[in-house]
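> Please find one structure pasted underneath; my questions will follow.
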Amino acid sequence: LYVGDWVLAAGSPFGYENSVTLGIVSAVERYSGPKGNINGFIQTDAAINQGNSGGPLVNLKGEIIGINTFITTPNSGSIGLGFAIPSNNVQRFVQRLIEFGEVRYGWLGASLGLYDDTAAEALGYPMNYGVMVYQVFIGSPAEKAKLQPGDLILSLDGQRYTDDSKLIYQIGDKAPGSKAVFRIERFGEELDITVTLGERQKEEEVYAMHGLSWPGFVPAPLNDRLRELLELPDSLRGVPVAIIYPHSPSQAVDLRAGDVIIRVGSTVIDSIQDCYLALGTVPKDKLELTVYRDGEEINLRGAP
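Adding 133 to a residue's 1-based position in the sequence shown gives its number in the numbering used here.
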């Protein structure tokens, strides 16, 4: 399927049954659907209105290439921004419905995302080079396979990724129990990690698992702006804490946003790289940190 291909959309807009509209493919692999849906949609300018959802999108040969799903509009009417789930995706989902009675999605058990220029410099990773692992859920397939926070995912099953939404979609598209081979960079070292994917649970259950996020915080590079904002002495070295995950191991030992981590266990921390590498060696049932807070060093330790 190519941008510019002619397509027809069929459905019952506003109750007018068996209506057909004509347009072209405006784009493919749009990953910004409603309610976080990242299905890799086909975008078309064929007029689609309320009532078209569930109708087919076909090419000029009459082949179904997608299922009309949603539109983007400021006024509930078509403005030429319609989106359809690709037919190949639908076929896979239907096969899973036949086999299992429900649609099952693959689950890695890690929080993935992109990074900006400042983070890239602090991490030592090139910009637009891969997808960052920020958190790993304790007990998840990712943790069992030794994937670590700070890892940079370069490819999945040989396919290169620099877009987190596309990578997350491809992980979910794989069947639970299947193998996924991730090529990662871990601060200068490239590794292949094979993960046996789990089954993604319902959204509310996934959110509830955030208490199992390891390490449960997001570090930030210590730059001049943060040093001034936090009123830190010029001699202080370490890694400031930007975000704390609720009920996580880090919150359990009373780590707070604004703390500056200066040691993980006995390892002195001078950079984000130091922090992530040290966390990779710490037992998850015993987190020990030394932080700078309000002008003094504080030792945090406990069993999360």
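No residue lacks a Cβ here, since even glycine has one placed at the ideal position from N, Cα and C.
I'd like the ranges of any beta strand (DSSP E) spanning at least 3 consecutive residues and lying wholly in the stretch 290-320.
For the stretch 290-320, whole beta strand (DSSP E) runs of length 3 or above, ordered along the chain, are 312-319.
> Under the DSSP definition of a beta bridge, which residues are partnered with F481?
The structure shown does not extend to residue 481, since the chain spans only 134 to 437, so no value can be given for it.
> Considering only the alpha carbon of each residue, which of S346, D284 and L345 lies closest to L324?
Position 191 of the sequence shown, counting from 1, holds the residue named residue 324. Comparing Cα positions, the closest option is D284.
> Shortest alpha-carbon distance to I286 belongs to which of P259, I271 and G272?
Taking the sequence shown and counting its residues from 1, the one referred to as residue 286 is at position 153. I286 has its Cα closest to that of P259, out of P259, I271 and G272.
> Which one of P373, G234, F174 and P348 has the shortest CA to CA distance from R358?
As a working note, residue 358 is residue 225 in the sequence shown. Selected option, being the one with the closest Cα: P373.
> If P348 and P282 are in contact, beta carbons under 8 Å, what's the gap, nearest whole angstrom?
Here residue 348 refers to the residue found at position 215 of the sequence shown. Here residue 282 refers to the residue found at position 149 of the sequence shown. About 6 Å separates the two Cβ atoms, so the contact holds.
> For the candidate residues T295, E332 and G144, whose alpha-carbon lies nearest to that of G310?
For this step, residue 310 is matched to residue 177 along the sequence shown. Checking every option, the nearest Cα to that of G310 belongs to E332.
> Check whether the stretch 370-386 and the stretch 296-309 are in contact - that is, three or more C-beta pairs closer than 8 Å.
No, the stretch 370-386 is not in contact with the stretch 296-309.
> Going by the DSSP bridge assignment, what does Q466 pair with across the sheet?
Look at the range of the chain in this structure, 134 to 437, and you will see that residue 466 is not part of it.
> What residues are listed by DSSP as bridge partners for P352?
Within the sequence shown, numbered from 1, the residue matching residue 352 stands at position 219. Per DSSP, V374.
> How many Å lie between E338 and K307 at the Cα?
Looking up residue 338 in the sequence shown gives position 205. Looking up residue 307 in the sequence shown gives position 174. The straight-line gap from Cα to Cα measures roughly 20 Å.
> What ranges does the beta strand (DSSP E) occupy inside the stretch 234-295, keeping only unbroken runs of at least 3 residues that lie completely in it?
The stretch 234-295 contains these whole beta strand (DSSP E) runs: 243-246, 264-270 and 285-289.
> For I212, which residues of its own chain have a beta-carbon under 6 Å away from its beta-carbon, when the five flanking residues on both sides are left out?
Taking the sequence shown and counting its residues from 1, one reaches residue 212 at position 79. For I212, where only same-chain residues beyond five positions count, the Cβ hits under 6 Å are T206.
> Work out the CA separation of Q384 and N356 for me, nearest whole Å.
Reading the sequence shown from its first residue, position 223 is the one you call residue 356. Reading the sequence shown from its first residue, position 251 is the one you call residue 384. C-alpha separation (whole angstroms): 24 Å.
> Quick one: give me the first and last residue of the beta strand (DSSP E) that V424 is part of.
Taking the sequence shown and counting its residues from 1, the one referred to as residue 424 is at position 291. Residues L420 to R426.
> Skipping 5 residues on each side, what residues in its chain have a beta carbon closer than 8 Å to that of L245?
As a first step, residue 245 must be located in the sequence shown, where it is residue number 112. Result list for L245: V264, M265, V266, Y267, I286, D297, L300 and I301, in chain order.
> For L193, collect the residues of the same chain with a Cβ closer than 7 Å to its Cβ; drop the 5 residues on either side in sequence, then sort them by chain order.
Here residue 193 refers to the residue found at position 60 of the sequence shown. So the qualifying residues of the chain are W139.
> Figure out for me which residue from N172, G137 and I317 has the closest Cα to the Cα of D159.
One-based indexing of the sequence shown puts residue 159 at position 26. The question names Asp, yet the displayed sequence has Ser at residue 159. For the residues N172, G137 and I317, the minimum Cα distance to S159 belongs to G137.
> Cβ atoms of A142 and N185: under 8 Å apart, would you say?
As a position in the sequence shown, residue 185 is number 52, starting the count at 1. As a position in the sequence shown, residue 142 is number 9, starting the count at 1. In contact: N185 and A142 (Cβ atoms closer than 8 Å).
> Which ranges does the alpha helix (DSSP H) cover as unbroken runs of at least 4 residues, wholly within the stretch 378-407, from first to last along the chain?
You should have 382-385.
> For A179, which option in G187, G156, I431 and C408 has the closest C-alpha, if you only look at C-alpha atoms?
Sequence index remark: in the sequence shown, residue 179 carries index 46 (1-based). Nearest C-alpha to A179: G156.
> Per DSSP, what kind of secondary structure is P189 in: helix, strand or coil?
Walking along the sequence shown from the start, residue 189 turns up at place 56. Note: P189 maps to strand in three-state DSSP.
> Any chance the stretch 359-370 sits against the stretch 407-415, with 3 or more Cβ pairs inside 8 Å?
Result no; under three Cβ-Cβ pairs closer than 8 Å.
> Beta carbon of G398, beta carbon of E430: below 8 Å?
Residue numbering aside, residue 398 sits at position 265 when the sequence shown is read from its first letter. Residue numbering aside, residue 430 sits at position 297 when the sequence shown is read from its first letter. No, these two residues do not count as a Cβ contact at 8 Å.
> Quick one: give me the first and last residue of the alpha helix (DSSP H) that D357 is part of.
Walking along the sequence shown from the start, residue 357 turns up at place 224. Residues D357 to L362.
> Which residues does DSSP list as the beta-bridge partners of E324?
Residue numbering aside, residue 324 sits at position 191 when the sequence shown is read from its first letter. Residue identity differs from the one stated: residue 324 is Leu in this sequence, not Glu. According to DSSP, L324 bridges with I317.
> Where I231 and P189 are concerned, what is the direct C-alpha to C-alpha distance, given to the nearest angstrom?
Locating residue 231 in the sequence shown gives position 98, counting from the first residue. Locating residue 189 in the sequence shown gives position 56, counting from the first residue. Roughly 21 Å between the two C-alpha positions.
> Report all residues from its chain with a CB closer than 7 Å to the CB of G305; omit the five preceding and five following residues, and keep chain order.
Locating residue 305 in the sequence shown gives position 172, counting from the first residue. For G305, where only same-chain residues beyond five positions count, the Cβ hits under 7 Å are Y238, G239 and R333.
> A341 lies in the alpha helix (DSSP H); which residues open and close that run?
For this step, residue 341 is matched to residue 208 along the sequence shown. A341 -> alpha helix (DSSP H) spans E336 to A341.
> With a cut-off of 8 Å on the beta carbons, I'd call D351 and L369 a contact; round off their distance for me.
Taking the sequence shown and counting its residues from 1, one reaches residue 351 at position 218. Taking the sequence shown and counting its residues from 1, one reaches residue 369 at position 236. Going by the sequence as given, residue 351 is Val instead of Asp. Contact doesn't hold; Cβ gap of about 20 Å is too wide.
> Per the DSSP calculation, L433 is bridged to which residue(s)?
Within the sequence shown, numbered from 1, the residue matching residue 433 stands at position 300. Partner(s): L422.
> Can you round the beta-carbon distance between Q183 and P146 to whole angstroms, since I take them to be within the 8 Å contact cut?
Looking up residue 183 in the sequence shown gives position 50. Looking up residue 146 in the sequence shown gives position 13. Confirmed, about 6 Å.
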